[in-house]
Every structure is written in structure tokens, then in C-alpha cells.
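Novice: Pasting a structure below so you can have a look.
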Amino acid sequence: MQDLLDSVVDGCREEWQAGRTATYIPELAKARADAVGASVFDLSSGGCSSGDFDYRFTMQSVSKVLSLSLALSVCGEDEVFSRVGMDPLADSFNSIMRLEMDAPHRPHNPLINSGAIVVLSLLPYRDAEERFAAVSDMASRMTGNRSMSVNEAVFRSERDTAARNRSLAWFLKSVGNLDGDVDDILDTYFRQCSLEADCRDLAVLGATLAADGMNPVTGEQVVPPRVAEITRAIMATCGMYNGSGEFAVTVGIPAKSGVGGGISAAVRGRMGIGTCGPALDGKGNSVAGMRILQRLSEELRLRIY
Ligand code: GLN
């Protein structure tokens, strides 16, 4: 596996040149555009890593997998899906158009920004601090990394420039689909997006989902099998936003991307894969990361379809 991973990552090294780092969150523009790395956690043989696998980036939308799993565990699937849909969306992850046009005004799925914000609002915690503590605990248990922390510079940068996400949240509030304090909920959202990780963390996160919710490093059953199953299904259909259909055809495995450059992928019963590459395509997905996943999927026959 190590030789294969080295050759795949090596072969994808220059792919980053076709992408650009996110700039709408000013701090993300400072990411190393040419960082490219990957880590695999195989459920039978363990982990291996290659390239810039220890490069640290913020989870951004990969964190939506954590809050979704948490909400499904704590609130149950009926409550979650009474407030957000489970269908892919052909518009960008922060689009406001559909939300206003559709009635009821329910986000299409839990992995676009509006959906993730609604998911956080369902969590039955007292305030932003308690809510974030629960999300952060889920992050540690899913990744097996007990020392995950928030990148404060990225957190502040997003919080202070988040006109679009604030618009989404206040629109949801105006139509009665966001309970609780809007600023508190957004605070948790920006914090979870700013959790720092590396490829190994995202590989173990994927492996936990691949093992039906049991973290293969710590042995802990973090979420029930049904929660892992739903999360993988939503990743497969919506995890790469409006690039999810093309990704299903070219790569064919459940995965979740983030504008920090990470992707976490879960192949049930086999492995989790984490990739990093902060240079993104126009839909906000890591160009090198997707290419690495495509090559690994071909070489290891990982397609689920
Ligand atoms: N924090 C980012 C945002 O809300 C997450 C988006 C993403 O990773 N696609 O815009």
C-alpha cells in the first residue's frame, strides 16, 4: 500500500496548478497552494501516508460530517430530516436562491452551508460553548485525535467576513426554520469549520464511517451503524456539492470536501482516505485531492456503484 500511495501522490503532485486557494475567507488565501498529500487507513492493515500528509489545514465543510453525525445520534433521523432535505443541489454550497424559491424553505441537504447551520441549531445545548464542546468531542472521537484545536486566525477571518452565511442564517430565521440565537449558532459553525486537521485525521474519520461508526484506532463505537450509513449516503450524493454527480462517475466513493483543501472519503468495510491540496476548482473541491482519490479508486477498485 505504501508504494502504491507514494506513486499515486507523486503522480498527482502537479495537479494543484489547475486550482486556486479559497480567497473569500481572507485567511485561507495564505494556505500553501502546492501542498499535496494523502493518508489511507485500511481497516485490515492500518495506516500509511505520503506527500505533505502532515500539512495542517482547517476542516471547513468536512466538519459538517461531524455535526451531522452528532445531530443524527442526539436528535434522531426523523427530527433532522424534518428540517433539512436529503437531496443533492445543482447550485453552489452557499447559494441562497433555492432556499428562497422553494416552499417550505428547507435547505436541500445537511452538507450545504444553510443545511449545516440548521443541523447545528437542532442540537439541544444551552449555548455556543456547550454546542461547540459537543462538536469538538465528536471530532476527537471520530478522528482519534484528542488534541484537535481551532485555528483562531481562520475562525476570526471567517466570522468577520461572513456576510453570505449570515444572510443564509437570517433568511432561515425569518421563515421560522432556525430556532435559537443566530449569532450563537453561527459562532459554532465558524468554529467547527476552523478545526485544524491533517490527512491522517481525515483518513481515520473516513475509516470510522467505513467501519459503521467504530473508530478502528481507539476501538470506540462512536456513532450507531445507522448514523454512519446515513452519513455515508449523504456524502455520496451531496459531499462534493454540485460536483457530486461527476465525482460519483469518476471516483465513485462517499466523500466530503472542504475549502481548506481537505477531503475525507469512506469505503465501507475497507478503508478511510484523507487527502489535502488547498488549490480548489470552481466548486470548492481540492483538485489534487480528487485526482488522488480517482487514482486510488481505480488502482484498488474502490467504486461502490
Ligand atoms: N466555512 C466555509 C463556508 O461557510 C465552508 C465552506 C466549504 O468548505 N465548502 O463558506
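The numbering of the sequence shown is this note's numbering, which starts it at 32 and goes up by one. For every residue, glycine included, the Cβ atom is placed at its ideal position computed from N, Cα and C.
Regarding Glu-183 and the ligand GLN, is the C-beta to nearest heavy atom distance less than 8 Å?
Specialist: Here residue 183 refers to the residue found at position 152 when the sequence shown is read from its first residue. Flag unset: Cβ of Glu-183 not near the ligand GLN.
Novice: How about Gln-91: is its Cβ closer than 8 Å to a heavy atom in the ligand GLN?
Specialist: Residue numbering aside, residue 91 sits at position 60 when the sequence shown is read from its first letter. Result yes, Cβ under 8 Å from the ligand GLN.
Novice: Name the two residues that bound the continuous alpha helix (DSSP H) containing Asp-37.
Specialist: For this step, residue 37 is matched to residue 6 along the sequence shown. Where Asp-37 is concerned, the enclosing alpha helix (DSSP H) stretches over 33–42.
Novice: Label Arg-195 either buried or exposed according to how many other C-beta atoms from any shown protein chain fall within 10 Å of its C-beta, with 16 as the threshold for buried.
Specialist: For the purposes of this step, residue 195 is taken as the residue at position 164 of the sequence shown. That one is exposed.
Novice: For the ligand GLN, any of its heavy atoms closer than 8 Å to the Cβ of Phe-221?
Specialist: The residue given as residue 221 occupies position 190 in the sequence shown. Yes, the beta carbon of Phe-221 sits closer than 8 Å to at least one heavy atom of the ligand GLN.
Novice: Is there contact between the segment 81–99 and the segment 228–247, where contact requires at least three CB pairs shorter than 8 Å?
Specialist: As far as the Cβ criterion goes, the segment 81–99 touches the segment 228–247, which means the pair count is three or higher.
Novice: Can you tell me whether Ser-152 is buried or exposed, with buried defined as 16 or more other CB within 10 angstroms of its CB?
Specialist: As a position in the sequence shown, residue 152 is number 121, starting the count at 1. Buried, because 16 or more other Cβ atoms sit within 10 Å of the Cβ of Ser-152.
Novice: Any chance the segment 318–333 sits against the segment 35–49, with 3 or more Cβ pairs inside 8 Å?
Specialist: The segment 318–333, when compared against the segment 35–49, does touch it at the 8 Å Cβ threshold.
Novice: Any idea if Gln-48 is buried or exposed, counting beta-carbon neighbours within 10 angstroms, 16 or more meaning buried?
Specialist: Here the question's residue 48 lines up with position 17 in the sequence shown. Exposed, by the Cβ-count rule.
Novice: Beta carbon of Ala-238, beta carbon of Ala-267: below 9 Å?
Specialist: What you label residue 238 is simply residue 207 of the sequence shown in a count that begins at 1. What you label residue 267 is simply residue 236 of the sequence shown in a count that begins at 1. Cβ distance not < 9 Å, so Ala-238 and Ala-267 don't count as in contact.
Novice: With H, G and I counted as helix, E and B as strand and the rest as coil, what does DSSP make of Thr-89?
Specialist: For the purposes of this step, residue 89 is taken as the residue at position 58 of the sequence shown. Of the three classes helix, strand and coil, the one that applies to Thr-89 here is strand, per DSSP.
Novice: Using the three-state DSSP reduction, which class does Leu-226 fall into: helix, strand or coil?
Specialist: Taking the sequence shown and counting its residues from 1, the one referred to as residue 226 is at position 195. Looking at Leu-226 - three-state DSSP - the assignment turns out to be strand.
Novice: Which one or two residues does DSSP pair with Val-181 in a beta bridge?
Specialist: Stepping through the sequence shown from its first residue, residue 181 is reached at position 150. DSSP output for Val-181 lists Leu-226 as bridge partner(s).
Novice: So, using beta-carbon positions, are Arg-190 and Phe-221 closer together than 9 Å?
Specialist: By one-based count along the sequence shown, residue 190 stands at place 159. By one-based count along the sequence shown, residue 221 stands at place 190. In this structure, Phe-221 lies closer than 9 Å to Arg-190 by Cβ.
Novice: Put Leu-311 into one of helix, strand or coil per three-state DSSP.
Specialist: Translated into the one-based positions of the sequence shown, residue 311 becomes position 280. Of the three classes helix, strand and coil, the one that applies to Leu-311 here is strand, per DSSP.
Novice: To the nearest angstrom, report how far apart Ala-92 and Ser-288 are at their CA atoms.
Specialist: As a first step, residue 92 is located in the sequence shown; it is residue number 61 there, counting from the start. As a first step, residue 288 is located in the sequence shown; it is residue number 257 there, counting from the start. In the sequence under discussion, the amino acid at residue 92 is Ser, which differs from the Ala named in the question. Using only the alpha carbons, I get a separation of about 6 Å.
Novice: Over what stretch of residues does the beta strand (DSSP E) that includes Ala-297 continue unbroken?
Specialist: Position 266 of the sequence shown holds residue 297. Start and end: 293–298.
Novice: Can you say whether Ala-121 is buried or exposed, counting buried as having 16 or more other CB atoms within 10 angstroms of its CB?
Specialist: Along the sequence shown, read from residue 1 onward, the residue named residue 121 stands at position 90. Exposed, since its Cβ has fewer than 16 Cβ neighbours within 10 Å.
Novice: Which class does Phe-84 belong to by DSSP, given the choice of helix, strand or coil?
Specialist: Translated into positions along the sequence shown, residue 84 becomes position 53. Coil, per DSSP.
Novice: For Gly-68, report the span of its alpha helix (DSSP H) as first-last.
Specialist: On the sequence shown, position 37 is the one that residue 68 refers to. Premise fails: Gly-68 lies in the beta strand (DSSP E), 68–73, not in any alpha helix (DSSP H).
Novice: So which of Gly-50, Thr-52, Leu-103, Leu-59 has the shortest CA-CA distance to Ala-184?
Specialist: Residue numbering aside, residue 184 sits at position 153 when the sequence shown is read from its first letter. The option with the nearest alpha carbon to Ala-184 is Leu-59.
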